[in-house]
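Student:
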Amino acid sequence: MAAVLVIVIVVLAIALADSEEGTTSAPSTTASAKTQRAQTQEAAGERADLISFELDDRSQAGITDVWLVWTIRNSSSEKSDYSWEWEAVDASGTRMANGSLLETGVQPGQTARGEYPTTLKSVKGIQLNITSFNRTASY
24 MAAVLVIVIV VLAIALADSE EGTTSAPSTT ASAKTQRAQT QEAAGERADL
74 ISFELDDRSQ AGITDVWLVW TIRNSSSEKS DYSWEWEAVD ASGTRMANGS
124 LLETGVQPGQ TARGEYPTTL KSVKGIQLNI TSFNRTASY
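Per my numbering, residue 24 is the first one in the sequence shown, and the count goes up by one each step.
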């Protein structure tokens, strides 16, 4: 009977320990972790192809006209398509706008420039963030 009681106490202790908030698994040093680091480095290389991405305020005579303007240079050896997601955040951290953009058929070594209108009322205090960026082979 004492052995059963000890087992029940151990099981309860383990169950309570597993349910604690804030506990996380230790980082893995397996091959999958190394693969994830390699993929992150590769993605950073792709992201470097986006040379500039900024807001251009073309507003005049009280009419708001704010555009996104970008330059991409294909550093790969293949014709590539680029897609990325962005957000515009004000100084308080509020998202004022977001969207997705696409640049297609950029030849190796070629530079592509683009622009796209926004619904932003001002560029003052606005920070652009790239939330996702991908380069894929173009066919």
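All C-beta atoms, glycine included, are put in the ideal place defined by N, C-alpha and C.
On the three-state DSSP scale, how would you describe G128?
Tutor: strand
Student: Helix or strand or just coil, what does DSSP make of L81?
Tutor: Looking at the sequence itself, residue 81 is Arg, so the reference to Leu does not match. Note: R81 maps to coil in three-state DSSP.
Student: Report the three-state DSSP secondary structure of G137 (helix, strand or coil).
Tutor: Of the three classes helix, strand and coil, the one that applies to G137 here is strand, per DSSP.
Student: What is the DSSP secondary structure of E101, reduced to helix, strand or coil?
Tutor: coil
Student: Have a look at the DSSP bridge pairing and note the partners of S115.
Tutor: Under DSSP, S115 takes part in no beta bridge, so it has no partner.
Student: When DSSP labels each residue in this structure, what does G148 get in the three-state scheme?
Tutor: coil
Student: Using the Cα positions of Q83 and S100, report the straight-line distance between them to the nearest angstrom.
Tutor: 42 Å
Student: With I95 as the anchor, note down where its beta strand (DSSP E) starts and where it stops.
Tutor: V89 to R96
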